[in-house]
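What follows is a short report on a single structure.
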Amino acid sequence: MSTLTHDTTPTAEPSATPRPTTATRRRRTTPNTLLSKGAVNGLLIVAAGYTLLPVTWLLFAATKNHRDLFATSGFAFGDFNLLTNLHRVLTFNDGIYLRWFGNSVLYSVVGSAASTFICVATGYAFDEYDFRGKEKLFGLVLGGVLVPTTVIQLPMYLLATKAGVVNTYWALLLPALVNPFGVYLARVFSEGYVPNEILEAARVDGAGELRTFARIALPMLAPGFMTIFLFSFTASWNNFFGALVMLNDEQLYPVNLGLFMWNSVTQQQPEFYSLVITGSLVAVVPLIVAFVCLQRFWRSGLTAGAVK
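Be aware that the sequence shown starts at 12, since it is given in the numbering used here, and climbs by one per residue.
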């Protein structure tokens, strides 16, 4: 009778591949990380330089007289005639440039503030209230975002003619009140910044809907309000085609349309070149100031609703 024996000697397990240490992983990933960061930073520098190139050229050109403007390099300072050129711009034709600048401030600040308030109130209503046809109506608003502004300028001009507001301040202020993209952004901000629990608590305490919106929701929507205002302000300040269609009186021109009119006579009167260049440099300043002062609201507003 034979006895079967089994080898109970434990077999040696294959040795596991040793994991790389932290220092090894750091040595392996550091070159790739530095390369990716360098590529990203390089692209950002190129994009920033490309964006600032026209403004830089304006700054150099505004320091030149008419002769140096065509006789020297584009990116070289002249005889530092910036103050002289600025004085000519502000005093030319009885200070018409200051009138244009003030008109642009009126169109952009007043129109954008009113438009932003309407957008915030509308977006808040779309977010907090349920009513029949809500999503269909909101889809109609989003459809307005897809329509280019230049396409509707002729219908808007005909409507303004019927209303008798052509060649008045209202011709640019009234169309600025309608901002479908601002309504969309306002709804997104309302969903991200205004908790329903706080609104319900306010209603339980006896606050009406208008008071709840003004005292509770609107302060919470301050980042969104400033973000929409910044976009609307930029669009209004750069609104050239609408002003060209609606206005005929040079006393009502915004600054960009006034500069266009000056530029249109430079072939016959070359001395207008320095006026156009210096005036363009001054016209850029409000946009820079607006972005610098409001960028903290804009950056915080961009992340609204990103994390639920």
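C-beta atoms are modelled at their ideal positions from N, C-alpha and C, and glycine is treated no differently.
Contact check, residue i vs residue j, beta carbons under 7 Å
i	j	result
S243	T127	yes
P265	S84	no
F320	T74	Because the chain here runs from 12 to 319, residue 320 falls outside it and cannot be looked at.
L255	L268	yes
L305	M257	no
F252	T161	yes
F283	T277	yes
Y118	S247	yes
A197	G150	no
V158	V194	no
F192	V156	yes
V287	W273	yes
Buried/exposed call for residue i, threshold 16 Cβ in 10 Å
i	result
I130	Note that residue 130 is Cys in the sequence shown, not Ile. Classification of C130: buried, given that the 10 Å Cβ count is 16 or more.
N190	buried
L183	buried
L15	Confidence in L15 is poor, its pLDDT being 42 and thus under 50, which makes the residue's placement too unreliable to answer from.
S275	exposed
D138	buried
V303	exposed
L45	exposed
N104	exposed
P166	exposed
A82	exposed
L80	buried
G217	exposed
N259	exposed
Y140	exposed
G203	buried
G219	exposed
G235	buried
Rounded separation between residue i and residue j - CA only
i	j	result
A233	K145	25 Å
L210	T223	7 Å
I56	T179	44 Å
A87	A72	8 Å
S47	R307	27 Å
K147	G113	40 Å
V51	N207	40 Å
A132	F240	13 Å
V121	A228	22 Å
Q164	A174	15 Å
P8	S201	Outside the displayed range of the chain (12 to 319) lies residue 8, so it cannot be described from this structure.
I299	A187	21 Å
V293	G49	35 Å
A301	R78	34 Å
V199	H98	46 Å
A136	Y61	41 Å
L64	S123	28 Å
G89	L263	34 Å
A171	V177	6 Å
R226	L169	40 Å
T95	A213	59 Å
V100	G53	38 Å
A58	R143	47 Å
P281	V205	57 Å
G106	T245	24 Å
L69	E261	25 Å
N43	P297	42 Å
W111	G154	34 Å
A317	L109	Note that A317 has pLDDT 46, beneath the 50 cutoff, so the model's placement of it is unreliable and no number is given.
L185	A125	10 Å
CB contact below 7 Å: residue i versus chain D
i	result
L188	Included in the structure is just one protein chain, with no chain D present.
Item to check | Start-end ranges of the alpha helix (DSSP H) lying completely within the region 73-160, minimum 4 residues | outcome: 77-82, 93-102, 107-116, 122-139, 145-156
Next on the checklist: In chain order, what are the residue ranges of uninterrupted alpha helix (DSSP H) at least 4 long that sit wholly in the region 217-262?
Outcome noted: 220-223, 233-248, 252-257
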